[in-house]
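**Student:**
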Amino acid sequence: STPKILAFAGSTRIDSYNKKLVKIAAAGAKAAGAEVTYLDLRDLPLPLYDEDLEAQEGMPANARTLKDLMISHQGFLIASPEYNSSITAVLKNAIDWASRPYPNEAPLTAFAGKVATIMSASPGGFGGLRGLVHLRSILGNIKVLVLPDQIAVSKAYEAFNADGTLKDPKQQESIEKLGEGLTKILFKLN
Ligand code: FNR
Numbered sequence: 003s004t005p006k007i008l009a010f011a012g013s014t015r016i017d018s019y020n021k022k023l024v025k026i027a028a029a030g031a032k033a034a035g036a037e038v039t040y041l042d043l044r045d046l047p048l049p050l051y052d053e054d055l056e057a058q059e060g061m062p063a064n065a066r067t068l069k070d071l072m073i074s075h076q077g078f079l080i081a082s083p084e085y086n087s088s089i090t091a092v093l094k095n096a097i098d099w100a101s102r103p104y105p106n107e108a109p110l111t112a113f114a115g116k117v118a119t120i121m122s123a124s125p126g127g128f129g130g131l132r133g134l135v136h137l138r139s140i141l142g143n144i145k146v147l148v149l150p151d152q153i154a155v156s157k158a159y160e161a162f163n164a165d166g167t168l169k170d171p172k173q174q175e176s177i178e179k180l181g182e183g184l185t186k187i188l189f190k191l192n
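The sequence shown begins at 3 in the UniProt record's numbering and counts up by one.
(1) Helix, strand or coil, according to DSSP, for Tyr19 in the structure here?
(2) Could you pull the start and end residues of the beta strand (DSSP E) that Gly142 belongs to?
(3) In chain order, what residues of the same chain lie with their CB nearer than 6 Å to the CB of Ser18, ignoring the 5 residues before and after it?
(4) Examine the ligand FNR and report whether any of its heavy atoms sits within less than 7 Å of the Cβ of Gly166.
(5) In three-state terms, what does DSSP make of Leu147?
(6) Which residue's Cα is closest to the Cα of Thr39: Thr14, Leu48 and Ala28?
(7) Tell me the rounded alpha-carbon separation between Leu184 and Ala34.
(8) Hey, would you say Thr14 sits closer than 8 Å to Leu43, going by beta carbons?
(9) What's the gap between the Cα of Ala91 and the Cα of Asp170?
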């Protein structure tokens, strides 16, 4: 069956470089035959995770929507900014909410056995690479298979064209290939 991939960025910023980046990888995945859903976390605002809040009110509707989206997709394409050498609070908070079980549900249903490709973009010289180290570790620990290929795009302020593509055609192709690579693995697993 056709692999289903959820693509999202760890930034809510409207002009986010990481949103642009993940959309390029998503296009590569689509071209390779995947069904891709793009999710903007700005459209799913979540409260900061709080166990008391969850105990009193249950999972917020947006957290359920996020978790259900993850459950219905086998692959994740994630581009996250690096904040203070790690992943963003927005991304960690989304992961934390989605990691919470529904009543009588197996642990980590949104994550266990899923396959992810990660990438980052930053104005800095390292492109957010230190954040990817953390993201890979977090996802691996919640049983997501994170594929070895990843790309950090540096100097993001001058990397993109107005239409959202990358100015460097080789870099554009390599990001598309990240999406293609994830799709090919998912076809093999199916
Ligand atoms: C940053 N930024 C940043 N960049 C980086 O390469 N390494 C870092 O450690 C940090 N730390 C950091 C902390 C905080 C609180 C902010 C707000 C920003 C800069 C960051 O890469 C930049 O704002 C990007 O544009 C964010 O990605 P989006 O939103 O464009 O996808």
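The beta carbon of each residue, even a glycine, is placed where N, CA and C say it ideally should be.
**Tutor:** Let's see:
(1) DSSP, reduced to helix, strand and coil, places Tyr19 within a helical segment of the structure shown.
(2) Per DSSP, Gly142 lies in no beta strand (DSSP E); the unbroken alpha helix (DSSP H) holding it starts and ends at Leu131 to Asn143.
(3) Ala11
(4) no
(5) strand
(6) Ala28
(7) Cα to Cα, Leu184 sits roughly 9 Å from Ala34.
(8) yes
(9) 30 Å
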